[in-house]
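Novice: Starting off with a structure, shown below.
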Amino acid sequence: MRKIAYCEMFDNELTHGWYLGTRNLLVSILKKYLPTNAKILDAGCGTGGTIVYLKKTGFSNIFGIDNSKLAISFCRQRKLTNIKSATVNHLPFKDQSFDAVICLDVLYHQGVNQHKTISEFSRVLKKDGLLYIQEPAYNWLKSKHDKIVSTERRFTKGSLKEILELARFEIIKLSYFNTLLFPGIALKRLADKLLGPNSKTSDITPLPKQLNSLLKQFLFFETTLVKFLYLPFGLSVICLCKK
Numbered sequence: 006m007r008k009i010a011y012c013e014m015f016d017n018e019l020t021h022g023w024y025l026g027t028r029n030l031l032v033s034i035l036k037k038y039l040p041t042n043a044k045i046l047d048a049g050c051g052t053g054g055t056i057v058y059l060k061k062t063g064f065s066n067i068f069g070i071d072n073s074k075l076a077i078s079f080c081r082q083r084k085l086t087n088i089k090s091a092t093v094n095h096l097p098f099k100d101q102s103f104d105a106v107i108c109l110d111v112l113y114h115q116g117v118n119q120h121k122t123i124s125e126f127s128r129v130l131k132k133d134g135l136l137y138i139q140e141p142a143y144n145w146l147k148s149k150h151d152k153i154v155s156t157e158r159r160f161t162k163g164s165l166k167e168i169l170e171l172a173r174f175e176i177i178k179l180s181y182f183n184t185l186l187f188p189g190i191a192l193k194r195l196a197d198k199l200l201g202p203n204s205k206t207s208d209i210t211p212l213p214k215q216l217n218s219l220l221k222q223f224l225f226f227e228t229t230l231v232k233f234l235y236l237p238f239g240l241s242v243i244c245l246c247k248k
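Per our numbering, the sequence shown starts with residue 6, numbered consecutively.
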C-alpha cells in the first residue's frame with residue numbers, strides 16, 4: 006500500500022464506523038469458538054488497530070506480522086508487542102503455533118500469493134485451528150481506492166471458497182457483509198471510477214459524526230444477522246473455516 010493509506014489507517018481505524026463494524030463481527034465470531042487466552046495471529050496487521058480492538062474485548066495472546074516498516078512503526082506507537090516484520094507468503098513461525106489466524110483485507114493485495122499464503126496459514130495452525138478471512142468483494146467494484154491500497158484482485162464467495170477448500174479447510178461460515186449500504190456505496194464507487202478525479206487518498210478518511218455513527222449501527226445490525234443468516238451480497242466477503 007502507499008504511505009498515505011497507512012497514515013489514513015492509523016489516523017482513523019480506532020474510530021471509523023467501517024473498522025468498528027467489521028471488527029465487531031470478527032470478535033462476535035471468534036468468541037463463539039475460542040477462549041480469550043487463545044493464541045491468535047493477525048496476518049497482515051497493518052497499523053495495529055485490530056489487535057487493539059481484540060485486546061479491549063478480552064483476547065490477550067495476540068501476535069502480528071506485516072511487511073511494511075511504516076505499519077510496524079505505527080504498531081510500536083500503539084505500544085504493541087509480539088509484532089514482526091514479515092510477509093504472509095512466508096510466516097516466521099513454527100508449525101502448529103496458533104489456535105487461530107485472522108487475515109483482514111490482505112489476500113487481495115499485489116504481491117500476495119494467495120495459495121502460498123493459505124498454505125502457510127494451514128502450516129502454522131494447530132489441529133482444528135481456526136482461520137478467519139475478510140476480503141473486499143467483486144472485481145467490478147475496483148476504483149480509485151483500490152489503486153491507493155494496491156489491489157490485485159477482489160473476491161466472491163465462490164472464489165474464496167475454492168482456494169480454501171483446495172487447501173483442505175473446512176468451511177464453517179461463509180457470507181457477504183456490508184450489505185445494507187451496498188447499493189449506495191457501490192454506485193459511489195462506480196461513479197468515482199468512471200467520473201471522479203484521480204484522488205490521492207483512500208476511502209478510509211474521517212466521516213461526519215452522524216454518518217459515521219449510522220455506518221457503525223448498520224454494520225453492528227448486520228453482525229446480528231450474520232449469526233443466523235448468510236447475506237447474499239455485500240462489499241466484503243467473510244469466512245470462518247477450520248483446519
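For each residue, glycine too, the CB sits at the ideal point set by N, CA and C.
With H, G and I counted as helix, E and B as strand and the rest as coil, what does DSSP make of residue 52?
Specialist: The answer is coil: DSSP assigns residue 52 none of H, G, I, E or B.
Novice: May I ask you to verify whether the segment 165-172 touches the segment 210-223, counting CB pairs closer than 8 Å and requiring at least 3?
Specialist: Contact between the segment 165-172 and the segment 210-223 is absent, because fewer than three Cβ pairs lie under 8 Å.
Novice: Counting only runs that start and end within the segment 89-140, where is the beta strand (DSSP E) found for 3 or more residues in a row?
Specialist: 103-109
Novice: Using the beta-carbon count (16 or more within 10 Å), is residue 40 buried or exposed?
Specialist: With fewer than 16 other Cβ atoms from the protein chains shown falling within 10 Å of its own Cβ, residue 40 counts as exposed.
Novice: Residue 219 to residue 172, Cα distance in whole Å?
Specialist: Taking the straight line from one Cα to the other gives about 38 Å.
Novice: With C-beta atoms as the reference, is residue 12 less than 9 Å away from residue 50?
Specialist: no
Novice: When you compare the CB of residue 95 with every CB in chain B, is at least one pair closer than 9 Å?
Specialist: Reference to chain B is not applicable here, since this structure consists of a single protein chain.
Novice: Assuming residue 103 contacts residue 130 under a Cβ cut-off of 8 Å, what Cβ separation, rounded to an integer in Å, is found between them?
Specialist: About 6 Å separates the two Cβ atoms, so the contact holds.
Novice: Which stretch, first to last residue, makes up the alpha helix (DSSP H) that contains residue 233?
Specialist: 214-233 is the span of the alpha helix (DSSP H), which, as asked, contains residue 233.
Novice: According to DSSP, which residues form a beta bridge with residue 69?
Specialist: Beta bridge pairing from DSSP links residue 69 with 47 and 88.
Novice: State buried or exposed for residue 222, treating a residue as buried only when at least 16 other CB atoms are found within 10 Å of its CB.
Specialist: exposed
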